Amino acid sequence: MSDATAKKEERRKFQAIRGTRDLLPPETALWNRVEQTANEVFATFGYGEIRLPIFESTELFARAVGGETDIVSKEMYTFPNPMRFAEFYTKLLHSVKTGEGANEMGTLADLIPESEMISLRPEATASVCRAYIEHNMQQLPQPVKLYYMGPMFRSERPQKGRYRQFYQIGAEILGGTDAPAIDAEVIEMLMTFFDKVGLQGATLYINSIGHNGPDCRRAYIGALYNALLKIKDQLGPDSQRRIDTNPLRVLDSKLESEQPIIATLPHIADHLCDECKTHYAEVKRQLQVRGVLYQENWRLVRGLDYYMRTTFEITAPGLGSQNAVCGGGRYDGLVELLGGPPTKGIGFAIGEDRLILSLQESRKGQAQQGRDIYIAWMGEKAYATAIRAAKDLRKAGFSVELPPVEQKFGKALGQADKLGAKYALILGDNEVSEGLWTLKTLSDGTQQKFTESDLLEFLRQQEKVSS
Ligand code: ATP
Ligand code: MG
């Protein structure tokens, strides 16, 4: 490397990797508020938090989410277990030298057993089910109600509301019955959460996709497949491909030109078996009983293979075409598919990034900016008092900025303004010797004097008035 290139390298500015981003204050205050609201609302419905690993065996996702889904077939961040990498590499070298063991491609990936591949989690339901089985949660009182929050990873084209590292808040109910009241209550909880967090204009869409039986969804898929074959040449390449891989997903198409054709396809509601039909009718009735407004959408099929019966999605305004803030549904066979006992299951995942965007868009969720109190102090004695004042005010819950070096009052007040503080507490020699502190309200410039204890009382009262 030449000196010049080395210098350039040294000065290289690092940037977050495409599709990832930093969340910064003051916006992070809003993230915290949203997460805190989820903690509170979900707790009132009896849910406990589960914290899961960020990466899991690739096979877990392949099995649970389904190999034919976009998520598994093209969106997962997958890599060989680094602990075994040296071993695989040696194998590769050997096969390159001898021509043994390698298939036509002869790539490293071909030499690594599936079971040694690891993926960053693209969603969390599979992990929750794995944990349910691993920790024998079927022995706990059923159902087990769990919620989680945290980052998920999908290698998609980044755009507004679509990132490669994004965040979900989700919940799952596992075990017990599949009574329609369970479905309705999960949805009720979700809508309560959206309401508490201040989301406006959320719309709930529901559908039933039946169960995977010959008298139910499979009959429908057959009918759908036949109908699709007849109109195949009017569809784009993506939908054409899906006719064979996953015909239900054609209904998911957002392509403008396909909409009138898709509208003519058969509806699943006409093919549900009696049990699924009754279940769906009862879910709708239970939602009405709970005062939850919904719209039916026969095209709602969800992207993941494991869903059955109730599926739902919630959209919010201000998000352009990425307007789904939550997806969910019932998945009774999933735990069994992952090697556990037959277990009922239902859950949802909220896209937290999109929720925050929508809140910001409606200005409802504007994060509170600035400090409550900026302490302008001058003089050694005043500084000692200022430190004590800061400690007491913070203990009472106020956010306080205490400048680390002395500055003239004029400069301090300017700084307080810039930081968006509500008040400046002025502490100079006079204030300290009189025992009367000056509080300046920065919005109107008025000043009042208080004793130490009166000041705290006054600030508490003001806070009550404004909240
Ligand atoms: P979409 O159709 O928008 O790709 P999806 O069906 O892949 O969504 P789910 O797997 O159901 O989404 O995930 C639940 C929620 O997570 C979505 O409704 C959305 O709010 C959010 N979400 C999914 N993928 C992303 C992403 N790449 N970036 C940000 N949020 C996402
Ligand atoms: Mg997607």
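First residue of the sequence shown: 9, per this note's numbering; consecutive thereafter. Cβ atoms here follow ideal geometry from the backbone N, Cα and C, with glycine treated the same way. Model, not experiment: these values are computed from the prediction.
Taking the C-beta atoms as reference points, residue 153 is found nearer than 7 angstroms to residue 181. Nearest C-alpha to residue 66 among 35, 54, 128 and 90: 128. In terms of CA proximity to residue 85, 70 leads the group 94, 70 and 92. Annotation: residue 39 is outside any beta strand (DSSP E); the continuous alpha helix (DSSP H) that includes it extends over 35-52.
No heavy atom of ligand 1 is found nearer than 6 angstroms to the CB of residue 442. The continuous beta strand (DSSP E) containing residue 215 extends over residues 211-216.
Per the C-alpha coordinates, the member of 242, 271, 234 and 469 positioned closest to residue 255 is 234. Distance between residue 97 and residue 91, taken at the CA atoms: about 11 angstroms. According to the DSSP assignment, residue 127 belongs to the beta strand (DSSP E) that extends over 125-128. Rounded to whole angstroms, residue 383 and residue 437 show a C-alpha spacing of 14 angstroms.
With contact defined as three or more Cβ pairs closer than 8 angstroms, the region 43-57 and the region 194-204 are in contact. Residue range 66-73 is occupied by the alpha helix (DSSP H) that includes residue 66, with no beta strand (DSSP E) assigned at that position. Unbroken alpha helix (DSSP H) runs of no fewer than 4 residues, entirely contained in the region 217-252, are found at 225-239, following chain order. Beta-bridge analysis with DSSP links residue 355 to 180 and 337. With respect to the 7 angstroms criterion, residue 173 and residue 188 are not classified as neighbours on the basis of their beta carbons. Residue environment for residue 279: buried (at least 16 other C-beta atoms within 10 angstroms of its C-beta).
Per the DSSP secondary-structure output, residue 321 pairs in a beta bridge with 213 and 335. Taking 8 angstroms as the upper bound for CB-CB distance, residue 214 and residue 133 are not in contact here, some 18 angstroms apart. Nearest neighbour of residue 28 by Cα position, chosen from 165, 126 and 52, turns out to be 165.
Annotation note: the region 408-443 contains the following uninterrupted beta strand (DSSP E) runs of length 3 or greater, listed N- to C-terminal: 431-435. Taking non-hydrogen atoms of ligand 1 into account, the C-beta of residue 361 is found less than 6 angstroms away from one of them. Within the chosen limit of 6 angstroms, ligand 1 reaches the beta carbon of residue 162 through at least one heavy atom. With a cut-off of 6 angstroms, the C-beta of residue 332 is classified as near ligand 1, since at least one heavy atom of the ligand falls inside that distance. Of all alpha-carbon atoms in 19, 439, 471 and 370, the one lying nearest the alpha-carbon of residue 390 is that of 439. Residue 245 is classed as exposed because its beta carbon has fewer than 16 other beta carbons within 10 Å across all chains shown. If the five residues before and after residue 295 are omitted, its C-beta is found closer than 7 angstroms to the C-beta atoms of 192, 195 and 302, all from its own chain and listed in chain order. The alpha-carbon separation between residue 426 and residue 432 amounts to approximately 12 angstroms. Per the C-alpha coordinates, the member of 276, 156 and 398 positioned closest to residue 219 is 276. Exclusion of residue 307 from the 6 angstroms shell around ligand 1 follows from its C-beta lying no nearer than that to any non-hydrogen atom of the ligand. The C-alpha of residue 212 is placed about 50 angstroms away from the C-alpha of residue 462. Per DSSP, the unbroken beta strand (DSSP E) holding residue 157 starts and ends at 152-161.
In this structure, residue 366 places its C-beta atom within 7 angstroms of the C-beta atom of residue 326. Per the coordinates, the alpha-carbon of residue 24 lies some 22 angstroms from the alpha-carbon of residue 330. With a cut-off of 6 angstroms, the C-beta of residue 320 is classified as distant from ligand 1, since no heavy atom of the ligand falls inside that distance. DSSP places residue 174 within a strand segment (E or B) once states are collapsed to three. The C-beta of residue 361 has 16 or more other C-beta atoms within 10 Å across all chains shown, which makes the residue buried.
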